[in-house]
Amino acid sequence: MALIKCKECEKEYSDNSEACPQCGCPTEMNVDTPQIDTSDIKCSVRIDGNEKLSDTYNGLMFLLLFVAGLISIPYVLFGSYTGLFPFIVLLIIFLFRNSITSKKRVKAMEIFKFFKLKYPILESVGRNTNLDQITTTSNNADGALFDIYMQAYKKQADAVVINSTHSSSTESISKMSKNTPLYHATATLVKYKK
Ligand SMILES: [Zn+2]
Numbered sequence: 013m014a015l016i017k018c019k020e021c022e023k024e025y026s027d028n029s030e031a032c033p034q035c036g037c038p039t040e041m042n043v044d045t046p047q048i049d050t051s052d053i054k055c056s057v058r059i060d061g062n063e064k065l066s067d068t069y070n071g072l073m074f075l076l077l078f079v080a081g082l083i084s085i086p087y088v089l090f091g092s093y094t095g096l097f098p099f100i101v102l103l104i105i106f107l108f109r110n111s112i113t114s115k116k117r118v119k120a121m122e123i124f125k126f127f128k129l130k131y132p133i134l135e136s137v138g139r140n141t142n143l144d145q146i147t148t149t150s151n152n153a154d155g156a157l158f159d160i161y162m163q164a165y166k167k168q169a170d171a172v173v174i175n176s177t178h179s180s181s182t183e184s185i186s187k188m189s190k191n192t193p194l195y196h197a198t199a200t201l202v203k204y205k206k
């Protein structure tokens, strides 16, 4: 998927390879393991977009800011700054909410990276122990994979096998919202035989 640089010979190669093709240095040595405080994983982190503020929320917030800004103009023109108060309060709420959600998103991406390195995706269960069969649903492939990893983490699996993936479009309950395609994945959680 991505090119990484070998720490031994500095050759660039794909991180899909298990080792550097030039010198044989194992890929895991060349990939920086993200530092994750595992207590962070317990919270219900999602990366399928639910951590992002919706466009509706942002649009509404911009509209409110615009209206509050307009209302404050006559006050400011007459030398009274109290009229700016609602505008400033709204602006602070807006910036604060955005910074919290972007921090959550960064954290979720760190955890996702940690999961990707922790749980190899196997072709089949083979001689390993089949821990559980799970199905996840999300609005994108990364979200579904993230949920699989999250289950693997909770059940202390060693690896996962992705059995099937497919997308479906669901009828939304309200005609107001767009139909969002859902992404389904089934996976087997695997424990290595000791
Ligand atoms: Zn190398």
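Just add 12 to wherever you are in the sequence shown, counting from 1, and you've got the working numbering. Note that CB positions come from ideal geometry on N, CA and C, so glycine has one too.
- Contact annotation: valine 202 and leucine 143 have beta-carbon atoms nearer than 8 Å.
- Minimum Cα-Cα distance from phenylalanine 97 among the listed residues Leu89, Phe108, Ile83 and Phe90 corresponds to Ile83.
- Shortest gap from the CB of glutamine 163 to any heavy atom of ligand 1: 7 Å or more.
- Between alanine 199 and valine 173, the CB-CB gap stays under 8 Å.
- With a threshold of 7 Å, the Cβ atom of lysine 128 does not count as near ligand 1, since no heavy atom of the ligand is closer than that.
- Inter-residue distance for lysine 130 and phenylalanine 74 is about 41 Å (C-alpha atoms, whole angstroms).
- With respect to leucine 157, serine 179 sits apart: the two C-beta atoms are not nearer than 8 Å.
- Taking every protein chain shown into account, the CB of cysteine 32 has 16 or more other CB atoms within 10 angstroms, so this residue is buried.
- Residue burial is scored here from C-beta neighbours: isoleucine 85 has fewer than 16 other C-beta atoms within 10 angstroms and is therefore classed as exposed.
- The secondary-structure analysis by DSSP pairs aspartate 144 across a beta bridge with Leu201.
- Taking a C-beta distance under 8 Å as the contact criterion, threonine 148 and aspartate 159 qualify as a contact pair.
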